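In what follows, a single structure is set out as structure tokens and then discussed.
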Amino acid sequence: MIYLDYNATTPIDPKVAKAILPFLLENFGNPSSSHSFGLTTQSAVEKARKQVAKLINTKSENIIFTSGGTESNNFAIKGVAFANRSKGNHIIISEIEHPAVTEVCQFLAENGFEISKIPADKFGLINLNKLENTIKPTTILISVMHANNEIGTIQPIDEIGEIAKKNNIIFHTDAAQSLGKITVDVQKMKVDLLSIAGHKIYAPKGIGALYIRENTHLQKQIYGANQENNLRAGTENVMGIVGLGEACELVKNDFTKNYENLKFLRNKLHKNLAKITNLKLNGYLTKSLPNTLNVTFVEFSNPQILEILEKIAVSTKAACHSNDRTISAVLKAIKITPAEASKTIRFSVGKMTTECEIDEVVKIIMKIAKNNLT
Ligand SMILES: Cc1ncc(COP(=O)(O)O)c(C=O)c1O
5 MIYLDYNATT PIDPKVAKAI LPFLLENFGN PSSSHSFGLT TQSAVEKARK
55 QVAKLINTKS ENIIFTSGGT ESNNFAIKGV AFANRSKGNH IIISEIEHPA
105 VTEVCQFLAE NGFEISKIPA DKFGLINLNK LENTIKPTTI LISVMHANNE
155 IGTIQPIDEI GEIAKKNNII FHTDAAQSLG KITVDVQKMK VDLLSIAGHK
205 IYAPKGIGAL YIRENTHLQK QIYGANQENN LRAGTENVMG IVGLGEACEL
255 VKNDFTKNYE NLKFLRNKLH KNLAKITNLK LNGYLTKSLP NTLNVTFVEF
305 SNPQILEILE KIAVSTKAAC HSNDRTISAV LKAIKITPAE ASKTIRFSVG
355 KMTTECEIDE VVKIIMKIAK NNLT
């Protein structure tokens, strides 16, 4: 089976695995221990913190390691909410956030906070005027994702950052999908908090990070000892942290080469699939992640969709169910109908994807589409 589901997760880069190996086999010390065993792992954790910080253009003091994108989003949103309760209870998010944001906000809504969701247009872009008009004196946080996991649309984060700054509101972005694929620079983006997920950038699963700008106060979420600048308790996941550091270094070193390659492969796939009658592109090819292609095979039957899913590892949030409840919030937000949603597939290429694999995928799908070609 050909893997085109890199937005779901990525394999570990062999160089990342190599960097982790000494911490799997030999260097087992607790980074909080003051003897040499501890000092070895402590310095590895601090090296990784620098590598992460450098990639997003900040200082290592601003990086806290977490268990992944979900925890980073929870920490950012709940952390701001509970630390700023005396200032206000209003939080603004977009309609197309990941459940790691929407579910946190649902929890907050059940606990006295007011949540506003900014709608997205048919390309998945949120309306900045609407965002500005939704701000009130009680607004304490704006959280808008950098790039969408399902359709790849990139939000104008620096403009949102400008609006947040002008109104003195803390701004969080979920960069789980954008890091490694497009430039992520916390200064240019004017964000106060930014979530990172290791397994989307060829590091292991179960590791992530949160960027926290100076003077952004968060209520601690995991209590215990005083690790991570007394913001997140628990003995550090040294292997994961070392892996994330190395993965960030690789992103930085290979950025342009990988970006061009992802874009080339994604565009080649799209160009060929566009020969299928009534193929509908969801989102953009330009203001979008270079690796993501979300399309609706409008004229395909369910068995044709199933055949694709049997042969290619892709993602579908609704295929083969025409029931409205199975449609993702993102597809609903961009006004995909239940019937279309069941024929919608996300292809996401990665740095291990080859041109031969894309050619093979095109061959498979064209065979399935033999009666649906323009
Ligand atoms: C946009 C986005 N945010 C958050 C997450 C959650 O990250 P993790 O799997 O590391 O908890 C994902 C992963 O699917 C994602 O795509």
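The working numbering puts the sequence shown at residues 5 to 378.
No residue lacks a Cβ here, since even glycine has one placed at the ideal position from N, Cα and C.
Quantities reported herein were computed from a predicted structural model and do not represent experimental measurements.
DSSP three-state call for residue i: helix, strand or coil?
i, result
"His-274", "helix"
"Thr-357", "coil"
"Cys-324", "Unreliable placement is indicated for Cys-324, whose pLDDT of 43 sits below 50; no coordinate value is reported for it."
"Leu-112", "helix"
"Phe-79", "helix"
"Glu-30", "coil"
"Ile-67", "strand"
"Tyr-215", "strand"
"Ile-122", "strand"
"Arg-350", "strand"
"Ser-305", "coil"
"Ile-441", "Any answer about residue 441 is impossible in this case: the structure gives the chain only from 5 up to 378."
"Leu-197", "strand"
"Ser-98", "strand"
"Ile-167", "helix"
"Ala-373", "coil"
"Ile-6", "strand"
"Leu-129", "coil"
"His-39", "coil"
"Ile-340", "coil"
"Ala-85", "helix"
"Thr-45", "helix"
"Asp-178", "strand"
"Glu-364", "helix"
Apart from the five residues just before and just after residue i, which ones in its own chain have a Cβ nearer than 6 Å to its Cβ?
i, result
"Gly-247", "Val-20, Ile-24, Ala-207, Pro-208"
"Ala-168", "Ile-146, Phe-175"
"Ala-323", "In this prediction, Ala-323 scores a pLDDT of 44, lower than 50, which makes its location untrustworthy; the coordinate-derived value is nonetheless stated afterwards. If we look at Ala-323 and ignore the five residues flanking it on each side, its Cβ neighbours are Ile-309, Ser-346."
"Glu-250", "Val-20, Ala-23"
"Lys-134", "Ile-122"
"Val-188", "Ile-60, Ala-179, Ser-182"
"Arg-236", "Ile-68, Ile-226"
"Asn-327", "With a pLDDT of 47 at Asn-327, under the threshold of 50, the modelled position of this residue cannot be trusted; read the value that follows with caution. So no residue of the chain qualifies."
"Lys-267", "Pro-294"
"Asn-276", "Val-366"
"Ile-164", "Val-148"
"Thr-281", "Glu-303, Asn-376, Thr-378"
"Gly-171", "For clarity, residue 171 is Asn in the given sequence; the question names Gly instead. Same-chain partners within the cutoff: Ile-139."
Under 7 Å from any heavy atom of ligand 1, does the C-beta of residue i make it?
i, result
"Asn-233", "no"
"Gly-42", "no"
"Gln-225", "no"
"His-176", "no"
"Ala-201", "yes"
"Gln-181", "yes"
"Ala-104", "yes"
"Asn-276", "no"
"Gly-73", "yes"
"Asn-77", "yes"
"Met-149", "yes"
So, are the CB atoms of residue i and residue j less than 8 Å apart?
i, j, result
"Tyr-215", "Ile-60", "yes"
"Ser-71", "Ile-211", "yes"
"Glu-344", "Thr-300", "yes"
"Asn-6", "Ala-317", "In the sequence under discussion, the amino acid at residue 6 is Ile, which differs from the Asn named in the question. Yes, these two residues count as a Cβ contact at 8 Å."
"Leu-293", "Ala-87", "no"
"Asn-376", "Glu-303", "yes"
"Ile-312", "Ile-349", "yes"
"Leu-222", "Phe-79", "yes"
"Gly-128", "Val-334", "yes"
"Phe-27", "Met-243", "yes"
"Asn-93", "Thr-142", "yes"
"Asn-298", "Gly-156", "yes"
"Asn-153", "His-102", "yes"
"Ile-158", "Ile-186", "yes"
"Phe-98", "Val-148", "Per the sequence presented here, residue 98 reads as Ser, with Phe not at that position. Cβ distance < 8 Å, so Ser-98 and Val-148 count as in contact."
"Thr-138", "Ala-104", "no"
"Ile-340", "Asn-286", "yes"
"Thr-290", "Asn-11", "no"
"Ile-338", "Lys-126", "yes"
Looking only at its chain, what residues have a beta carbon closer than 8 Å to the beta carbon of residue i, apart from the 5 residues adjacent to it on each side?
i, result
"Leu-112", "Ile-81, Lys-82, Ala-85, Ile-95, Ile-119"
"Lys-367", "none"
"Lys-192", "Asn-61, Asp-162"
"Asn-230", "Ala-237"
"Glu-166", "Lys-194"
Leaving out five residues on either side along the sequence, give the residues of the same chain with a beta carbon under 7 Å from the beta carbon of residue i.
i, result
"His-325", "Low confidence applies here, because His-325 scores a pLDDT of 42, under 50, leaving its location unreliable and the question unanswered by this model."
"Ala-213", "Val-56, Ile-67, Ile-68, Phe-69, Thr-70, Ser-76, Ile-200, Leu-248"
"Asp-9", "Ala-317, Val-318, Ser-319, Ser-352"
"Ile-245", "Val-49, Ala-52, Phe-69, Ile-211"
Below 7 Å, is the gap between the Cβ of residue i and the nearest heavy atom of ligand 2?
i, result
"Asn-172", "In the structure shown, ligand 2 is absent; the only ligands present are ligand 1."
### Unbroken stretches of the beta strand (DSSP E), 3 residues or longer, contained in the stretch 219 to 301
283 to 285, 296 to 301
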